[in-house]
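Undergrad: Starting off with a structure, shown below.
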Amino acid sequence: MSDTHAQSVAYVRDTAIPQSPAPANASGPVKWMRDNLFATWANALLTVAAIYVVYLILSNTLPWIFGGLWNTASLAECREVLQGKSAACFSVLTDRWDQLIFGYSYPAEYYWRPTVAFLIMFVAIAPVLFFDLPRKLLIVTALFPFIAYWLIWGGTIWTPIFALLGVVVGYMVYARLVTGSFAKGFFGGIAAALVVWFIAGYIVPAIAPQEPLLASVPSRDLGGFMLNLMLGLTCVSLSLPIGIALALGRQSSMPLIKWICVIFIEFIRGVPLITLLFVASVMLAYFFPPESTVDLFLRVVIMITMFSSAYIAEVVRGGLAALPKGQYEAADSLGLDYAQAMRLIILPQALKISIPGIVNIAVGLFKDTTLVSVISMFDLVGMIRGPILASTEWNGVYWELLGFAAALFFVVCYGISQYSQWLERRLATDHR
Amino acid sequence: MSTTTDPQGGSFRLSMLLNDTRYRSMTLQVIAAIILALSLAYLYSNLAANLRAAGLNISFAFLGTPAGYDINQTLIEYDSQSSNLRAAMVGILNTLLVAVLACITATVFGVVAGVLRLSNNWLVRKLMAFYVEIFRNIPVLIWIVIIFTIMIAVMPGPRAFRGDNATSSMLFDLFAFTNRGVYAPGPYFTRGIGGADGSIINWLLVIATLVGSFFVTRKVTERANHVQAETGVRPNTLWTNLAIWFVPIIILMLILGLAWEIPELKGFNFAGGLKIGGPLIALWFALSIYTGAFIAENVRAGIQAVSKGQTEAASALGLRPNRTMSLVVLPQALRVIIPPLISQYLNITKNSSLAIAVGYADITATLGGITLNQTGRAIECVLLLMLFYLVISLIISSVMNVYNNAMKLKER
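Quick mapping for you: the protein sequence lines, in order, are chains U and D. Mapping the first sequence onto the working numbering, position 43 (from 1) lands on 43, and the numbers just tick up by one. Mapping the second sequence onto the working numbering, position 391 (from 1) lands on 823, and the numbers just tick up by one.
Structure (structure tokens):
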């Protein structure tokens, strides 16, 4: 036979050519830079401008930070060592560290007490934040407020013990009565706790030792970043239950209760926190019984708690409203009463929806604790603006101090917001 | 024989107050009312007893007495002999001034940063994320203090402008940037109503003219739309509109005799012209850059909330990208952006009360600060302060509701 077939049929390849790598300018870092930095002319210009901005910032701050001095006694000495060079004088931080953290009148020999409370705080907060941890740790959480109070304020140990006793008795009464109805248990528990505390008011002064184990420290001696942390933690944890109650009250079908909640929320949300702090510092004392003296810390806690609970109430209301109506109807059809439906079906879902909002409020509240410096409490910002910058040694070191305060707040607030994003992902039950 | 299950009418037992849902809510509300009344009465009796013990009474007479202190930045005439009420008015105007200024600049910062956060340029995206995180996570009070410190530490003092070999000079001989504030040429009317000093009527006339121009241009645009709908050809309105905007205001300026007062170095400080004080600038800038970070997030969320299908549908219809943006994406994004934006405006207004930290004379610093301390009228001052902020918030939120109702999706 001839080879016609070989002549007429084009060459057909029967194996695939091995894949060759993409050209250098269409892969790897080159491609990434082309896509993300130099996609168009305008984009390239923007990139160059951005690089210049970054360069400006870094070239000014990095030498300043890394050339910083950490161990001089005063700003004058700092300037002498630097001899006109532009560098930070971080010595103020090492020199006044205690004041920045604890304020200037907390007794130095007791610094270990708030420090221990601070360390226990991590153990106490862990099981709340990470619910994979053993539930037994919640006991530490429950005991933490009493331990921390005793450590920081000192005084007789019987005060926190009786306070704890009141809570325990209240819980036992609640656990007994709640089988009947939730309302009975709830109000019975509160009444029992109040009775215990009322009695304790007579017992504690009688049995308090003359020389308590931990010397007592008055509230006005608290200060520094410790004050910010204490106000933030106390007010957020107190305002969460109050905020939920207000949100439920606002959704209530009972007009009187609904309107009380609406007026409270709208009033608080309509005024700035500073005016509420003015109320705490100059006005609130008029509303307490004439012979009583309620100290400024407690008054500020009351006002900040009211403030943040109004905001949390609105966030939770959003969560309640976002819940499909079917969930409410399902709860009804199961024959649950109001308290059961709320506890078992509605609130867990509504709170999950409101996590981002609640965390926003918490972060905002923690930042707002700096405002107490306006009513001359010496928190971190108050310490910096007041005693430290006014002292002869450190008059003029604005950047180091303010930068330190900013960095401290940034670390805490950014940490909280990252946690909330993790929690959202963790709790996401919808499968998309 | 069947037994009836209906409750027998008329037989009311006491336990029904708690166990019957028809009566239970009544019972609870009565209890709540009693508790509320009792606690209010308790607070009021405490207040009365405390006031009696301190020898005080509630009276607003202090508002009429001379304030006795000076305010460095005022929009209306004020001296230390003016009444406390006048000082409060100065404070109110100052609060509104800084709030309005900060709202405008915060929107600009926020929109720019929010749009750039969605840029496809990686570096710009990261820079904007950095800006947003830094400003959102540090207290605004610290920002205000930092920016006030920059104002004082970086800007030259008025002394630097003096002498033959001055270290600083005025920009175009018109603007002076000093650590006490910025001095700029101030407009005034030589032939204005009420003499060369001029009364506020002149400025009201200017505003009225601008508002008039606004309405006339809107009419022109409506007419153009109408003509386009009828004939399909849109008449060119650009030149008409420009004329309507500029001709009346220029004529008015010529009639009133507009002139500029240039700031001059006199003695230890600049005099004449407009003075924008350091505290105002610090507060204004800090509030706008701080709130701008929050607005940026709102803007980003708003744009991302518009589903991609909308853009694709618009492209499928043959719309060009910029028309897609202005006709399809933005109108839908604005519906998501505007409500949080307005609550950010509310936040700016409330945060402007931090003026007290840098010594800007807003309402909190005058009425709630110096007046309160001088007269000792704590309750009255704080109540008036709260009332002012409440009124502002109510106004802003009612505007928001009107807008929301106008913009919300019209559904069945």
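Cβ atoms here follow ideal geometry from the backbone N, Cα and C, with glycine treated the same way.
1. Using the rule of at least 16 other Cβ atoms within 10 Å of the residue's Cβ for burial, across every protein chain shown, is Phe394/U buried or exposed?
2. Mind listing the chain D neighbours of Ala310/U? Cutoff is C-beta to C-beta under 7 Å, in chain order.
3. At a CB-CB cut-off below 8 Å, which residues of chain D make contact with Leu227/U?
4. When burial is assigned at 16 or more other CB atoms within 10 Å of the CB, is Gln210/U buried or exposed?
5. Output yes if chain U places a C-beta closer than 9 Å to the C-beta of Asn833/D; else output no.
6. Just the Cα atoms here: how many angstroms apart are Ala117/U and Ala737/D?
7. Closer than 7 Å by C-beta to Ser515/D: which residues in its own chain qualify, once you throw out the five before and the five after it? Chain order, please.
8. Nearest by alpha-carbon distance to Leu690/D: which of Leu559/D, Ser491/D, Tyr620/D is it?
9. Comparing the C-beta of Ala538/D with each C-beta of chain U, is any distance below 9 Å?
10. Do you know how far the Cα of Met448/D is from the Cα of Thr435/D?
11. Determine the closest residue to Leu323/U out of Gln349/U, Met306/U, Ala310/U, with distance taken between C-alpha atoms.
12. Would a check of beta-carbon distances place Arg79/U closer than 9 Å to chain D?
13. Of the residues that make up the region 457-477 of chain D, which ones have a beta carbon closer than 7 Å to any beta carbon in chain U?
14. Would you check if there are 3 or more beta carbon pairs closer than 8 Å linking the region 79-86 of chain U to the region 63-71 of chain U?
15. Per the DSSP calculation, Ala691/D is bridged to which residue(s)?
16. Residues of chain D with CB under 7 Å from Phe182/U, in chain order?
17. Ordered along the chain, which non-local residues of its own chain (more than five positions away) have a Cβ less than 8 Å from that of Ile578/D?
18. Could you have a look at Pro289/U and say whether DSSP puts it in helix, strand or coil?
19. Do Met583/D and Ala714/D have their CB atoms nearer than 9 Å?
20. Along the beta strand (DSSP E) that carries Thr610/D, what are the first and last residues, could you check?
21. Between Thr537/D, Ile681/D, Gly734/D, which lies nearest to Ala640/D when the distance is taken from Cα to Cα?
22. Excluding the 5 residues preceding and the 5 following Lys451/U in the sequence, name in chain order all residues of the same chain whose CB lies nearer than 6 Å to its CB.
23. With a cut-off of 8 Å on the beta carbons, I'd call Val522/D and Ile503/D a contact; round off their distance for me.
24. Beta-carbon within less than 7 Å of Cys413/U's beta-carbon, same chain only, minus the 5 sequence neighbours each way: which residues are those?
25. Report the CB separation of Gly185/U from Val195/U in whole angstroms; it is logged as a contact under 8 Å.
26. Output the boundary residues of the alpha helix (DSSP H) element that contains Phe492/D.
27. Give a yes or no on whether 9 Å exceeds the smallest Cβ distance from Gly741/D to chain U.
28. Under the three-state reduction of DSSP, which class applies to Asp332/U: helix, strand or coil?
29. I need the straight-line Cα distance from Leu408/U to Phe225/U, nearest angstrom please.
30. Use the C-beta contact count for Tyr474/D: other C-beta atoms within 10 angstroms, 16 or more gives buried, fewer gives exposed.
31. Taking its Cβ as the centre, do 16 or more other Cβ atoms sit within 10 Å of Met433/D, making it buried, or is it exposed?
32. Is Trp716/D closer than 9 Å to Ala534/D when the C-beta atoms are compared?
33. Buried or exposed: which applies to Met172/U, given that a residue is buried once 16 or more other Cβ atoms fall within 10 Å of its Cβ?
34. Just the Cα atoms here: how many angstroms apart are Ile125/U and Val236/U?
35. Is DSSP giving Pro348/U helix, strand or coil here?
TA: With the given structure in hand:
1. Note that residue 394/U is Trp in the sequence shown, not Phe. Answer is buried; the Cβ neighbour count reaches 16.
2. None at all; the shortest Cβ gap to chain D is about 12 Å.
3. Correct list: empty, because the minimum Cβ distance to chain D is about 14 Å.
4. exposed
5. no
6. 44 Å
7. Leu495, Gly496, Thr497, Pro498, Ala499
8. Tyr620/D
9. no
10. Note that Thr435/D scores a pLDDT of 49, beneath 50, so its modelled location is shaky; the value from the coordinates is reported in the next line. Taking the straight line from one Cα to the other gives about 22 Å.
11. Gln349/U
12. no
13. Ser457, Leu460, Gln461, Ala464, Ala465, Leu468, Leu475
14. yes
15. Tyr620/D
16. What Phe182/U touches in chain D: nothing, since even the nearest Cβ is about 13 Å away.
17. Ala718
18. coil
19. yes
20. 608-610
21. Ile681/D
22. Because residue 451/U is not part of the residues shown, which for chain U are 1 to 432, the question remains open.
23. 6 Å
24. Val363, Phe366, Lys367
25. Contact doesn't hold; Cβ gap of about 16 Å is too wide.
26. Neither: Phe492/D is in no alpha helix (DSSP H) and is coded neither H nor E.
27. no
28. helix
29. 9 Å
30. exposed
31. With a pLDDT of only 45 at Met433/D, under the threshold of 50, the placement of this residue in the model should not be trusted; the figure read from the coordinates follows. By the neighbour-count rule (16 or more Cβ atoms within 10 Å), Met433/D is not buried but exposed.
32. yes
33. exposed
34. 13 Å
35. helix
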